Amino acid sequence: MSDEIQHECGLAFIRLRKPFSYFRQNYGTVLYGLNKLYLLMEKQHNRGQDGAGIASVKLNTEPGYPFLNRIRTNENQAIAHLFSQIGNQVNEIKKYHPDIEQHPGLMKGHIDFLGELLLGHLRYGTQGKNGVEYCHPYIKRDTIPARNIAMAGNFNLINKQELFSLINSPRAEEDKGSDLAAMIDLVQHFLIKADEASPEHVDIASVLKKSVPYFDGGFTFGGLTGEGIGFVVRDAHGIRPCYYYVDDEVIVAASERAAIRTAFNVGENEVKELMPGNALISQPNGEYSIEQILEPKERKACSFERIYFSRGSDEKIYRERIALGHHLSERVLKAVDYDLKNTIFSFIPNTAEIAFYGMIKGAQDYLNKIKIERILSWGKDYDAEKLTEMVNRKVRMEKIAIKDVKLRTFITEDNSRNEMVQHVYDITYGTVRKGIDTLVVIDDSIVRGTTLRESIIRMLARLHPKKIIVVSSAPQIRYPDCYGIDMSKLGEFVAFKAAIALIKERNMEPMLQCVFEKCKELKRTNQLNSQNIVREVYKPFTLSELDNKIAELITPPEIDIPVEVIYQTIEDLHECCPTNTGDWYFTGNYPTPGGNRVVNTAFLNYMEGKNERGY
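Letter by letter, the sequence shown follows residues 1 to 615 in UniProt numbering.
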């Protein structure tokens, strides 16, 4: 994605079902669980680079000894930083007790994170707050072990302030900006009540059924209690992803199927999807169950997971991204007038690469069809040279864009910074015939268009192509997200800017003011969550009108090379990604009422000149 956006976090949960001595005997190490947690987190490192954290719970500890431990960091290379600290503790213990690994019980007592329950988290700071205190897991302690809890998750909540008010949380104001703080306070509130009612056995499913219905948003979150209960819960629409795997040794959950498959070397069908509204619950005795916590609603799994966020090593996601590119190929061919001889295809590094292969396959299929038709039309009028030339025709592909290491400038003055931003990407010279070749580049999506305008288009123009076509494997992003992706300011979207530009060009400002007045009235009557008013901003314009205006907006004023933009259609998106139909950022169809409140608030902020988040 050329416009980097902060997005869904990553979750990893492990419950060991065998004693540490078992793993020592069968795998040669008592650190089996920690090793697997490291793999799960590392294989999901794409999901969070603002920080990471780990919590562990030890079972059957002696009174007075720590049973719940946590470590967090917001350092660069956060995963490595966490596990190096754990490794340092292990090495320090071995220095004084060289044979301690021969005694798993003793080692468990000396290593803080050698617990039977492990919870790992990778964070993107969607609230713009990246201090270590905002890294998950959060913990809430109590003098009674069963009431201690650690939680982490992949989510955004829209109603956190209401949650704090619900239980009259005593947290300081600076803590009340945290979704997780609100969630863990509410869950612990009901956990304490459950422990009071039945201290011999806490029914965690009942706790979750009482607390989770209050959460308005998209979420997958996991938790550990001091008693040794583990749980992972998914929202009713399945907005945020969650997968799990169980055998007689472990219970595992993570945000991505491929991470589990790689870490535990298991087949695709062995890793199950945790269905919307359900919870995976592990008990202190190692038993587990799948419990329905929320009534499942219409499935609205995030389509961006398939387009961009999840790693393409998952075979289904790989095929879907291939399909996204393939579905665009016919429109691209039409845009270049089917002139493959004078067209070069490339991609904007690096996550668009798989969709690029799909687009190339579509172009190659067309070229093969033309080859067959031409050869058949010759009859017997051909020789080896003529046939060889035809057979060897190929779709032209080049590695045009090269992303350099992240450039950081010490200059804050705007013009100088813009000059530096231009060089985030570099080009491969000599790949394009000046004034002859059309250059087609595919990106995952176009969010703000800033990097395209300030860097990529300028860079591509240095090759002097006849025309530049930018292809997006995602549809136009028109509306804010409030379920995990950091896209909350309406005025930043290039599609919205295009609509506003068209409104001004056509003297339609009264319509814009009318939408503004409707939003203000909804706010006055506390009805902002009732409908998405912002749809009316786009209603007067066709897709092609907006596409053309976007192309104009991403073209720097000094560039005179024609630029065209081709977006994926909503229909083709759903055909390519049939299980992930959540599309609110494209269509404005929010799965929860809070989404309407966010988009309307974002519009009010834009009209009032407030550079604030919509939630």
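We put the CB at the ideal spot given by N, CA and C, even for glycine. These numbers come from a predicted model, not from an experiment.
Check                                                                                                                                                                          : Outcome
Taking all protein chains shown into account, do 16 or more other C-beta atoms lie within 10 angstroms of the C-beta of Thr581, making it buried, or fewer, making it exposed? : buried
Would residue 622 pass as a contact of Phe83 if the rule is Cβ separation under 7 angstroms?                                                                                   : Residue 622 is absent from the structure shown; the chain starts at 1 and stops at 615.
Report the three-state DSSP secondary structure of Phe493 (helix, strand or coil).                                                                                             : coil
Does the beta-carbon of Ala197 have 16 or more other beta-carbons within 10 angstroms, so that it is buried, or is it exposed?                                                 : exposed
With burial defined as no fewer than 16 other Cβ atoms inside 10 Å of the residue's Cβ, what is the status of Thr601: buried or exposed?                                       : buried
Taking only the alpha-carbon atoms, compute the straight-line gap between Gln568 and Gln476 and give it to the nearest angstrom.                                               : 8 angstroms
Please name the residue, chosen from Gly109, Glu92, Glu42, that lies closest to Ala80 on a Cα-to-Cα basis.                                                                     : Glu42
How big is the Cα-Cα spacing for Gly33 and Ala194?                                                                                                                             : 30 angstroms
Specify, as a first and last residue, the run of the beta strand (DSSP E) that Asp443 falls within.                                                                            : 438-443
Tell me which residues share the same chain as Asp437 and place their Cβ nearer than 7 angstroms to its Cβ, disregarding the 5 neighbours each side in the sequence.           : Asn342, Thr343, Ile344, Pro465, Lys466
Please confirm whether Leu119 and Ala146 have their CB atoms less than 7 angstroms apart.                                                                                      : no
Let me know the secondary structure DSSP gives residue 621 once reduced to three states.                                                                                       : Residue 621 cannot be examined here, being either before or after the span of the chain that is shown, 1 to 615.
Three-state secondary structure (DSSP) at Lys539?                                                                                                                              : coil
For my contact list, His189 and Ile158 are in at a C-beta cut-off of 8 angstroms; report their separation, rounded to the angstrom.                                            : In fact, because the Cβ distance is near 20 angstroms, the residues do not count as touching under 8 angstroms.
Give me the Cβ distance between Asn154 and Thr220, rounded to the nearest whole Å; I'm assuming they're in contact under 8 angstroms.                                          : 5 angstroms
Given this structure, state the Cα-to-Cα distance separating Thr579 from Gly312, to the nearest angstrom.                                                                      : 16 angstroms
Going by DSSP, what residues sit across from His201 in a beta bridge?                                                                                                          : Paired residues: none, contrary to the question.
If we count the other Cβ atoms within 10 Å of its Cβ and call it buried at 16 or more, is Glu373 buried or exposed?                                                            : exposed
Have a look at Pro104 and Tyr483 and give me their C-alpha separation to the nearest angstrom.                                                                                 : 42 angstroms
Would you mind working out which of Trp584, Gly435, Thr525, Glu517 sits nearest Asp560, comparing C-alpha positions?                                                           : Gly435
Spell out the partners DSSP gives Val252 in its beta bridges.                                                                                                                  : Ile14, Tyr245
What are the boundary residues of the beta strand (DSSP E) that Lys403 is part of?                                                                                             : 401-403
Just to confirm the assignment: which complete alpha helix (DSSP H) runs, minimum length 4, are found wholly within the segment 143-198?                                       : 160-166, 179-197
Looking at the unbroken beta strand (DSSP E) that takes in Asn69, where does it start and where does it end?                                                                   : 68-73
Decide if Thr555 is buried, meaning its Cβ has at least 16 other Cβ atoms within 10 Å, or exposed.                                                                             : buried
What's the gap between the Cα of Ser178 and the Cα of Gly217?                                                                                                                  : 14 angstroms
Going straight from the alpha carbon of Tyr124 to that of Asn74, what length do you get?                                                                                       : 10 angstroms
For Asn350, which residues from the same chain have a beta carbon less than 8 angstroms from its beta carbon, with the 5 sequence-adjacent residues on both sides left out?    : Lys403
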